[in-house]
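In my numbering, the protein residues as written are 25 to 504.
Set out below in structure tokens:
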């Protein structure tokens, strides 16, 4: 027999002696059979006892045993009582696993079926393991059956999603779920615990209702909530919201994600929270994929280790692309009188890239950024800046750009300064500021009154902050 599953013809051998025998199925050229089915028949029953099978043609080879009994078969197909047992043996990251499917006794028919089943045991795949305890009933026409899962139905999974990410446990309670060819109908739940070597731990709950749902078909409406930690930013977080999956459109209708803080290098962001200005939508249609959304991030304050801070701030972002791993973004950052700072960039699934433009503003609005310990009061002048930045898992956060102050004036603890012109290019990498990256920082001061008077001060500077002293020469001259 030729099949669409095998390269070679399938050979069937039937050994028959009186009312019993053995059916053997073997691929041509292979010594090992794909199935060995000992059978027997009498006036009341047809049976296959202690049969064996294997299927080596997939990445996860399978094998197992099979037993089937057809009671009262002579009364006709619709009245035949069916009992069966099929087991599947797998081998993977967690050793060997054995899953068993038992059927009946019950009936199947072209118009109506009534057949109980139970799936129990464990399957071990290359990277995952699954355990199941799923009782249910098969009803309806055998040509279009309905499976109704009974109380106690539960599916569990765990394993390694990637070398860095581990699925600690996923629990899927399935009681009351109805499965047909049209999809899944009923309450769909999941409780997921996962950990990542870099991003930390997460626990997430999903709970919703499905109607004839398969991925990219039908409808599933759900809500979610969870919590976790983020070691790279020394943060704990929570999340809650709701969404839906209708045919090929995945929509996040409400999102509220908050952190106790975000700490990176010399910066600490206090109580930031991310919400949606409008729903986040992902159209998964392969011919016209689309991804868009409008986000808002609000923070109580941003504090710096030198004592300065950014007032309560709001970051609005608009996303536009083809999927969550390929989109462009743009937005603006406001912090009371500071800003708005225009931002734009892209995310490619591995690296976040962006640019920012700080418009020309009065220098005095930046007073909160200066530590009170310095006793400096900004008075006159203008400021503007431009930056480019990128962030990725291995490299961390990197940035570069320039700041410009023109005709600045300020009160000092024991005097005042006026006519300040300041131009600085910089780079930030591994928490280290390289000041004067492209050309020396230029500082020009027309007048400084501080115990005594000075005019027309000029200075050109290059160096790092904090100071880096890697050898004797650097120790003598960390700045120039």
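In this text, a Cβ means the ideal position worked out from N, Cα and C, and glycines have one as well.
For residue 97, there is no enclosing beta strand (DSSP E), as DSSP marks it with neither H nor E. The DSSP-derived three-state label of residue 30 is coil. In the DSSP annotation of this structure, the continuous segment of the beta strand (DSSP E) that includes residue 153 starts and ends at 152-163.
Exclusion of the five residues before and after residue 195 leaves 180 and 215 as the residues of its chain whose Cβ lies within less than 6 Å of its Cβ. Each of 247, 439, 441 and 453 was checked against the Cα of residue 412, and the nearest Cα belongs to 453.
Shown here, residue 134 sits in coil according to DSSP, grouped into three states, outside any helix or strand. Contact check for residue 58 against residue 114 fails: the beta carbons are separated by 8 Å or more.
The beta carbon of residue 67 is closer than 7 Å to those of 98 in its chain, skipping five residues each way along the sequence. A straight line joining the alpha-carbon of residue 44 with that of residue 54 spans about 26 Å. When secondary structure is reduced to three states using DSSP, residue 391 falls in the helix class. Annotation for residue 259: 253, 283, 284, 285, 286 and 287 place their beta carbon closer than 8 Å to its own, counting only its chain and skipping 5 residues before and after. When Cβ pairs closer than 8 Å are counted between the two stretches, the stretch 463-471 is seen not to touch the stretch 404-420, the count staying below three. Residue 103 sits in a helix when the DSSP states are folded into three classes.
Considering only 400, 343 and 427, the residue with the shortest C-alpha distance to residue 384 is 427. Going by DSSP, residue 222 is part of no beta strand (DSSP E) at all; its letter is neither H nor E. With the rule of 3 Cβ pairs closer than 8 Å, the stretch 431-444 counts as touching the stretch 389-403. Residue 279 holds the alpha-carbon nearest to the alpha-carbon of residue 298 among 304, 314 and 279. Membership of residue 424 in the beta strand (DSSP E) is indicated by the continuous run 420-436. Your pair residue 360 and residue 316 does not check out as a contact, with CB atoms roughly 29 Å apart and the cut at 8 Å. Of 395, 145, 28 and 351, the smallest CA-CA separation from residue 436 is found for 395. Along the stretch 257-309, the beta strand (DSSP E) occurs as fully enclosed runs of 3 or more residues at 259-270, 273-283, 285-288, 291-294 and 297-307, listed in sequence order. For residue 407, the number of other beta carbons within 10 angstroms of its own is at least 16, and it is reported as buried. For residue 193, the pairing in a beta bridge is given by DSSP as 217. Here the stretch 308-323 lies against the stretch 336-353, with 3 or more beta-carbon pairs under 8 Å apart. Looking at 238, 331, 232 and 186, the one whose alpha-carbon comes closest to that of residue 248 is 232. For residue 239, the three-state secondary structure derived from DSSP is coil. When DSSP states are grouped into helix, strand and coil, residue 255 belongs to the helix group.
One thing to note: residue 46 has its Cβ no nearer than 8 Å to the Cβ of residue 36. DSSP, reduced to helix, strand and coil, places residue 62 within a strand of the structure shown.
The C-alpha of residue 49 is placed about 9 Å away from the C-alpha of residue 61.
According to the DSSP assignment, residue 202 belongs to the beta strand (DSSP E) that extends over 202-204. In the structure shown, residue 398 adopts helical secondary structure according to DSSP, grouped into three states.
Shown here, residue 54 sits in coil according to DSSP, grouped into three states, outside any helix or strand. Counting C-beta pairs with one atom in each stretch, the stretch 366-373 and the stretch 321-329 have fewer than three that are closer than 8 Å, which means they do not touch.
Here residue 221 really is in contact with residue 188; their C-beta atoms are around 4 Å apart, less than 8 Å.
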